[in-house]
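Residue numbers (the numbering used here), protein chains in the order written: chain Y, 1331 to 1443; chain H, 15 to 128. Where a beta carbon is used, it is the ideal one built from N, C-alpha and C, also for glycine. Since the structure is predicted, the reported quantities are computational estimates derived from the model, not experimental observations.
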Amino acid sequence: GENVEQHPSTLSVQEGDSAVIKCTYSDSASNYFPWYKQELGKRPQLIIDIRSNVGEKKDQRIAVTLNKTAKHFSLHITETQPEDSAVYFCAASQRDSSYKLIFGSGTRLLVRP
Amino acid sequence: GAVVSQHPSWVICKSGTSVKIECRSLDFQATTMFWYRQFPKQSLMLMATSNEGSKATYEQGVEKDKFLINHASLTLSTLTVTSAHPEDSSFYICSQKGGLYEQYFGPGTRLTVT
């Protein structure tokens, strides 16, 4: 089955700097890659997603890139703000598995003011 | 996006008892729902895929006789943790499959087994 690895596990940046979180997946059939932000005790919140027919997607300060050949995708947050501090999860899914989500292990992002 | 609720939001039960968690779709008919478990400071782990009117599909390593899932209607899926033990204490989150790709998560249920 699908396996998703995520790095780093923790990331501390200065406010205004950029943050990059990377994920790799194992199943080449995966074709949908969402990123979630989760605050303590809350549900995951979708912040951006990308499908396998696209190499890059951007939404204001957040962007995701996908390299299908290498089977990895990355989340880029620019101009970080303290409210960006949270745990971020990548995930992968595919049609043959009813688009169930297989999550990465998570990255705890701390933005220092 | 769709609105998904869970009940209860938190529950404390004694070891050996069973507890039922409800996941409701408030404004969307969901043929497919998913149940996840999240231990403290860990990721979400998929437990099972629940399809309306049929048996749930459990992930490898998840005991189907311990975690009973029922999806009897398009708006309600339930997870029953039978004979709960302290190691079952966790954050249980359901999600509803929306369109082709999207999932809409419930707020989660924190289960503590004493």
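- Straight-line CA distance for Phe119 (chain H) to Val17 (chain H)? Numbered from 1 along the second sequence, position 105 holds the residue referred to as residue 119 (chain H). Numbered from 1 along the second sequence, position 3 holds the residue referred to as residue 17 (chain H). Whole-angstrom Cα-Cα distance: 8 Å.
- Own chain, CB closer than 6 Å to Leu1405 (chain Y), minus 5 neighbours either side, in chain order: Working through the first sequence from its first residue, we reach residue 1405 (chain Y) at position 75. The answer, listed in chain order, is Ile1351, Trp1365 and Val1394.
- Can you tell me which of the three DSSP states Pro14 (chain H) falls into? Limits of chain H in this structure are 15 at one end and 128 at the other, which puts residue 14 (chain H) out of reach.
- Same chain, Cβ closer than 8 Å to Ser1339 (chain Y), five either side skipped, listed in chain order: By 1-based counting over the first sequence, the position of residue 1339 (chain Y) is 9. In the same chain as Ser1339 (chain Y), and ignoring 5 residues on each side of it, the C-beta atoms closer than 8 Å to its own belong to Ser1435, Gly1436, Thr1437 and Arg1438, in chain order.
- Query: If you draw a straight line from the C-alpha of Ala1416 (chain Y) to the C-alpha of Ala1422 (chain Y), how long is it?
  - Reply: On the first sequence, residue 1416 (chain Y) is found 86 positions in, with the first residue counted as 1. On the first sequence, residue 1422 (chain Y) is found 92 positions in, with the first residue counted as 1. Spanning the two alpha carbons is a distance of roughly 20 Å.
- Output the distance between the C-alpha atoms of Ala98 (chain H) and Gln1411 (chain Y), rounded to the nearest integer angstrom. The count along the second sequence starts at 1 and reaches residue 98 (chain H) at position 84. The count along the first sequence starts at 1 and reaches residue 1411 (chain Y) at position 81. Their backbone Cα atoms lie some 41 Å apart in a straight line.
- Query: Between Gly1436 (chain Y) and chain A, is there a C-beta pair that is closer than 8 Å?
  - Reply: No chain A appears in this structure, whose protein chains are Y and H.
- Query: Got a sec: is the Cβ-Cβ distance from Phe48 (chain H) to anything in chain Y below 8 Å?
  - Reply: Along the second sequence, read from residue 1 onward, the residue named residue 48 (chain H) stands at position 34. By the rule that beta-carbons nearer than 8 Å mark a contact, Phe48 (chain H) touches chain Y.
- Would you say Pro1374 (chain Y) faces chain H, with C-beta separation under 8 Å as the test? Within the first sequence, the letter at position 44 stands for residue 1374 (chain Y). Interface residue, yes.
- Task: Kindly identify the DSSP beta-bridge partner or partners of Asp1379 (chain Y).
- Result: For this step, residue 1379 (chain Y) is matched to residue 49 along the first sequence. Per the DSSP secondary-structure output, Asp1379 (chain Y) pairs in a beta bridge with Y:Pro1364.
- Query: Given that Ser64 (chain H) touches chain Y, what residues does it touch there, using C-beta distances under 8 Å?
  - Reply: Residue numbering aside, residue 64 (chain H) sits at position 50 when the second sequence is read from its first letter. In chain order: nothing, as chain Y lies at least about 10 Å away.
- So Thr128 (chain H) packs on Ile35 (chain H), CB below 8 Å; how close in whole Å? Residue numbering aside, residue 128 (chain H) sits at position 114 when the second sequence is read from its first letter. Residue numbering aside, residue 35 (chain H) sits at position 21 when the second sequence is read from its first letter. Their Cβ separation, rounded to whole angstroms, is 17 Å, which puts Thr128 (chain H) and Ile35 (chain H) out of contact at 8 Å.
- Query: Is DSSP giving Glu1413 (chain Y) helix, strand or coil here?
  - Reply: Residue mapping note: residue 1413 (chain Y) aligns to position 83 of the first sequence, counting from 1. In the structure shown, Glu1413 (chain Y) sits in a helix (DSSP, three-state: H, G or I).
- Expressed to the nearest angstrom, what Euclidean distance is found between the alpha-carbon atoms of Gln156 (chain H) and Pro100 (chain H)? Given a span of 15 to 128 for chain H in the structure shown, any question on residue 156 (chain H) remains unanswerable.
- Sequence-distant residues of its chain with Cβ nearer than 7 Å to Gln20 (chain H) (five each side left out): Position 6 of the second sequence holds residue 20 (chain H). The answer, listed in chain order, is Ile35, Glu36, Cys37, Cys108, Gly120, Pro121, Gly122 and Thr123.
- With 9 Å as the C-beta to C-beta threshold (strictly closer), list the residues of the segment 1405-1435 of chain Y near chain H in chain order. Val1417, Phe1419, Ala1421, Ser1423, Arg1425, Ser1427, Ser1428, Tyr1429, Lys1430, Leu1431, Ile1432, Phe1433, Gly1434 and Ser1435
- Item | Pairwise C-alpha distance: Tyr1429 (chain Y) and Pro22 (chain H) | Mapped onto the second sequence, residue 22 (chain H) falls at position 8. Mapped onto the first sequence, residue 1429 (chain Y) falls at position 99. Going from the Cα of Pro22 (chain H) to the Cα of Tyr1429 (chain Y) covers about 27 Å.
- Query: If you run the structure through DSSP and keep just helix, strand and coil, what is Arg1391 (chain Y)?
  - Reply: By one-based count along the first sequence, residue 1391 (chain Y) stands at place 61. Arg1391 (chain Y): coil per DSSP, three-state reduction.
- Query: What number of angstroms, rounded off, separates the C-alpha of Pro54 (chain H) from the C-alpha of Ser104 (chain H)?
  - Reply: Within the second sequence, the letter at position 40 stands for residue 54 (chain H). Within the second sequence, the letter at position 90 stands for residue 104 (chain H). Whole-angstrom Cα-Cα distance: 7 Å.
- When you compare only the Cα positions, how much space is there between Ser86 (chain H) and Gln1424 (chain Y)? Residue mapping note: residue 86 (chain H) aligns to position 72 of the second sequence, counting from 1. Residue mapping note: residue 1424 (chain Y) aligns to position 94 of the first sequence, counting from 1. The amino acid occupying residue 86 (chain H) in the given sequence is Ala; Ser does not appear at that position. Near 25 Å, if we compare the C-alpha coordinates of Gln1424 (chain Y) and Ala86 (chain H).
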